[in-house]
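Here the structure comes first, spelled out in structure tokens, and everything after it is commentary.
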Amino acid sequence: MPRPKTEFETLYPYQLYEPEEVLDDELMYTVPEIARLLQGLDPATELDAETEDQVVTWTIPWLMAHADELVINDPEGDEPGYFGIQSESRPADEIPEGADE
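Under UniProt numbering, the first residue of the sequence shown is numbered 1, with each subsequent residue one higher.
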């Protein structure tokens, strides 16, 4: 339910980290690992399920905002996708024609 701005003591500008500020350009990360990094945590930090769900939810808009700067692997089976920074040392491959079919 929306709330009036007057109910909040403080309002800050919405700021997003740049991928280079959060991710190592030689590594690939799952969404939950990126979520932890955006919170200043180690990617292996254990979180309770509710907290993990919340930080993952906050991470999705960040991934979308930086989609042009990121690459993703082609997940196999039930494996998660891994995201990383596009780099000259390992540029993105072309998506094969018909891959989405």
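In this text, a Cβ means the ideal position worked out from N, Cα and C, and glycines have one as well.
- Nearest Cα to Glu-33 within the set Leu-16, Gln-15 and Asp-53: Asp-53.
- Nearest to Met-28 by C-alpha distance, out of Glu-76, Gly-81, Gly-98 and Ile-60, is Gly-81.
- Look at Ile-72 here: in three-state DSSP terms it is strand.
- Around the beta carbon of Thr-59, 16 or more other beta carbons lie within 10 angstroms, which makes this residue buried.
- Annotated as distal: Pro-43 and Ile-85, with beta-carbon spacing of 8 angstroms or more.
- The three-state reading of DSSP puts Ile-85 in strand, counting E and B together.
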